[in-house]
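Each remark here refers to the structure printed beneath this line.
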Amino acid sequence: MSEIQAKPVFKPNKEFSKNARIKNMCEYHELQDWATEDYEGFWGSFAKEKITWIEPFTNTMDESNFPFVKWFEGGKLNVAAQCIDRHLDTRKNKAAIIFEGDRGDKQVITYLDLFYNVNKFANLLKNEFGVQKGDRVVIYMPMIPEAAYAMLACARIGAIHSIVFGGFSAEALKDRIEDAEAKVVITADGAYRKDKPYMLKPVVDEAIDAKSPVQKVLVVERNNEDITWVAGRDYSYNELIKHQSTKCEAEVMDAEDPLFLLYTSGSTGKPKGVQHNSAGYILWAQMTMEWVFDVKENDTYWCTADVGWITGHTYIVYGPLAMGATTVMFEGVPTYPDAGRPWKMVEEHKINQFYTAPTAIRVLHKMGEDEPGKYDLSSLKVLGTVGEPIDPPAWKWYYEAVGGSRCSIVDTYWQTETGGHIVSPLPGATPIKPACATFPLPGIMAEILDPQTGERVEAGEGGYMCVTRPWPAMIRGVWGDNERFVKSYFGDVKKDGKPVYFTGDGAIYDEDGYITITGRTDDVINVSGHRMGTAEVEAAIKKHPNVAEVAVVGKPHELKGEGIFAYIVLKSDSGIADEVEEVKAINNVIKKEIGNIALCDDMVFVSGLPKTRSGKIMRRILRSIAKGEAITQDISTLEDPSVVAKIASTVQSCVI
Ligand code: PRX
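All residue numbers for the sequence shown refer to the working numbering, where the first residue is 292 and numbers rise by one.
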């Protein structure tokens, strides 16, 4: 049984609560009770109210083929129209996107501008490239407005986008292109980071070989660096877009037509193509924007994520635009030219809601503790965090120095698979505790269960974070692999004999029923809020010809939350003379196979790995050694117990 310490409680700001959509915990409980008593009535009612349907749905939910669940069947809509067209009557001249480039260049894109830009983009894809409903389009883009146009253009014509984060390597991009059988890639020549141009198009060139399904590549010319153009395959967006009409009829889509794929790490070496469908996803994206950030008509909202991750999908593009908000998009890095950049932007754009990751908060705290005090941050009302557990010191600084002890911090817990937040404070209602995701959102039947019994755990006892009923934004499938979908999410925990959705995270209730997420229970590590499968990193390292065996684990990291720690057994005949060179060589393989985001923080060469007699690597021991913890596990069952002491002496920090 693990203990959880009592944490201080911070009540919402009274003035804020008065005008909030959900004003107090009574209102929260009323909503949650409604959902508990009449689940379909709850969701059906919000779906009718929030979505502009082309044709109304006839059936709220069909779970007869669980976990293949259908929401809002019979309903027809278009997600791009939900995000743009329906706002044109009232918000034509309102800023939809405020863009700020790395170098400080700014652009305001109104809802009418967005409508024209997306329609032209959609016509380009349809008419010049022959993209049709259901086709997959890979987007490999920097954080520029054209990335949002590309997503919405796909949604407008019913193509399924799959965004690949710009930090992934050519190999990683290639795998994702091939798995999705994408026929088009949208990219940019490059973009700017820390005032310097960097390139993306050469990575795309490397990812496409003669066998690739890709027929066309569209290149947004952002930094006009020299790139290679392949005749008949590569086209300039800047040229083609000039000739497109601003009228493009939105494709009529079924509620359950796929909207996008987003590849994420799991416990095997191969990333999963998480599939989200149209109506359920956009409904929850919009509802959580309204409830969790409580964005008002004249507010300006900024989420610092990259569109390459789910946070960028739901909370830079789809959620804000579906509710008709003004969303800020930022190309640069938060510490350039100095650690005051985000606060300067808050002051300049009068940002009301600011949403970022604990890693960014830790870095900004470390590099510029006093920077927030230099700017007028009085516009801020709600601060958000996402992606990894936030530690109390970072929370405190965020609350006091950035939020002036006046703003609620919404510690939003969710995942690529959940589409939107599932456990989070409501800023006008929930008394918050530092580093605590608090309660399930209304409509989400999230519970911490005992994996053995499927019973709800008692306060102070750790358990598995599960969702016991399907919700509209739940993952609809793993692209091309139904079996993996069922096995990955619905195999581990049963409640009342029925499988439930298991997030892969551990969690704990405190005495007041507050939920704190304790981290992954599987072989996924969370590096700067980015999910990395240990198996994926191991598979990359194994490609190095000198490597015989490898085991990768996570290790606490001061800034990144978790760092990557690799134990490597080299082949006996590898004849390595220089370990430093070998580390470099292996890191180069990781860079090539996955990208810089997966580089190891620690790499140690060991003579063997701790294995059971059946050959299973005992990662718990390796995790303890990496952390410098005493080994408390029974090692007598290992094939060769002496290996533990050998590894520990190699890793200097270990106390055995
Ligand atoms: O371990 C949880 C952690 O991030 C994982 C999901 O990663 P990904 O699908 O990349 O999505 C990140 C953005 C939603 C989760 O399984 N996580 C996410 N939010 C929190 C968190 N851990 C603790 N607290 C959070 N607020």
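Glycine included, C-beta positions come from ideal geometry on N, C-alpha and C.
Label residue i either buried or exposed according to how many other C-beta atoms from any shown protein chain fall within 10 Å of its C-beta, with 16 as the threshold for buried.
{"i": "W770", "result": "buried"}
{"i": "M292", "result": "A caution first: M292 carries a pLDDT of 39, below 50, which makes its placement in the model unreliable, though a value can still be read off. M292 comes out exposed."}
{"i": "E738", "result": "buried"}
{"i": "D585", "result": "buried"}
{"i": "P625", "result": "buried"}
{"i": "S669", "result": "exposed"}
{"i": "A386", "result": "buried"}
{"i": "S905", "result": "exposed"}
{"i": "Q743", "result": "exposed"}
{"i": "C317", "result": "exposed"}
{"i": "N515", "result": "exposed"}
{"i": "Q577", "result": "buried"}
{"i": "R760", "result": "buried"}
{"i": "Q644", "result": "buried"}
{"i": "D869", "result": "exposed"}
{"i": "S940", "result": "exposed"}
{"i": "E294", "result": "Any reading at E294 is ruled out, since the residue's pLDDT is 48, under 50, leaving its predicted position unreliable."}
How far does the beta strand (DSSP E) with residue i in it reach, from first residue to last?
{"i": "F390", "result": "386 to 391"}
{"i": "W362", "result": "361 to 364"}
{"i": "N817", "result": "815 to 818"}
{"i": "D396", "result": "Note, D396: premise wrong, no beta strand (DSSP E); not H, not E."}
{"i": "C317", "result": "No beta strand (DSSP E) holds C317; the alpha helix (DSSP H) holding it covers 316 to 328."}
{"i": "Y646", "result": "644 to 647"}
{"i": "R811", "result": "806 to 811"}
{"i": "K487", "result": "487 to 490"}
Straight-line CA distance for residue i to residue j?
{"i": "L379", "j": "A444", "result": "17 Å"}
{"i": "G788", "j": "E540", "result": "47 Å"}
{"i": "S944", "j": "L717", "result": "Only weak support exists for where S944 lies, its pLDDT of 47 falling under 50; the value from the coordinates is given anyway. Approximately 42 Å, taken between the alpha carbons."}
{"i": "I681", "j": "C727", "result": "8 Å"}
{"i": "L509", "j": "I713", "result": "36 Å"}
{"i": "K851", "j": "S819", "result": "4 Å"}
{"i": "H835", "j": "V677", "result": "34 Å"}
{"i": "A889", "j": "E542", "result": "39 Å"}
{"i": "V598", "j": "T928", "result": "47 Å"}
{"i": "T923", "j": "T825", "result": "23 Å"}
{"i": "P790", "j": "T327", "result": "19 Å"}
{"i": "P433", "j": "L416", "result": "19 Å"}
{"i": "S336", "j": "D813", "result": "37 Å"}
{"i": "D661", "j": "N356", "result": "55 Å"}
{"i": "V777", "j": "G481", "result": "38 Å"}
{"i": "K465", "j": "V494", "result": "10 Å"}
{"i": "E639", "j": "S898", "result": "56 Å"}
{"i": "V583", "j": "K672", "result": "12 Å"}
{"i": "R767", "j": "E321", "result": "29 Å"}
{"i": "V860", "j": "L913", "result": "13 Å"}
{"i": "S715", "j": "V511", "result": "37 Å"}
{"i": "Y489", "j": "T602", "result": "23 Å"}
{"i": "T351", "j": "F363", "result": "5 Å"}
{"i": "E920", "j": "K883", "result": "33 Å"}
{"i": "I652", "j": "A857", "result": "27 Å"}
{"i": "D864", "j": "N837", "result": "8 Å"}
Below 8 Å on the Cβ atoms is my contact criterion, and I expect residue i with residue j to pass it. Report the Cβ-Cβ distance as a whole number of Å.
{"i": "V880", "j": "I832", "result": "7 Å"}
{"i": "L552", "j": "A441", "result": "Not a contact, Cβ separation roughly 14 Å."}
{"i": "P722", "j": "Q323", "result": "Wrong, their Cβ atoms sit about 16 Å apart, outside the cutoff."}
{"i": "V565", "j": "E708", "result": "6 Å"}
{"i": "M620", "j": "I388", "result": "6 Å"}
{"i": "I808", "j": "D796", "result": "6 Å"}
{"i": "N887", "j": "G458", "result": "6 Å"}
On a Cα-Cα basis, can you pick out the residue from the options that is closest to residue i?
{"i": "G719", "options": "A297, K298, M736, R312", "result": "R312"}
{"i": "V521", "options": "K507, I642, K533", "result": "K507"}
{"i": "L612", "options": "A463, D590, M432, W600", "result": "D590"}
{"i": "K502", "options": "E530, V511, A473, T519", "result": "A473"}
{"i": "L550", "options": "I877, T729, L574, I518", "result": "L574"}
{"i": "T605", "options": "E920, I454, H320, Y330", "result": "I454"}
{"i": "K635", "options": "G395, F301, K314", "result": "G395"}
{"i": "E462", "options": "S699, V874, D500", "result": "D500"}
{"i": "V843", "options": "K875, A868, P901", "result": "P901"}
{"i": "F793", "options": "C757, G745, D329", "result": "C757"}
{"i": "P562", "options": "K533, I518, I468", "result": "I468"}
{"i": "A371", "options": "P649, F406, G557, D496", "result": "F406"}
Provide the residue span of the alpha helix (DSSP H) that contains residue i, from first to last.
{"i": "F970", "result": "Residue 970 lies beyond the range of the chain shown here (292 to 947); nothing can be said about it."}
{"i": "I345", "result": "First-last for I345: undefined, no H or E at that position."}
{"i": "S779", "result": "773 to 781"}
{"i": "R382", "result": "379 to 382"}
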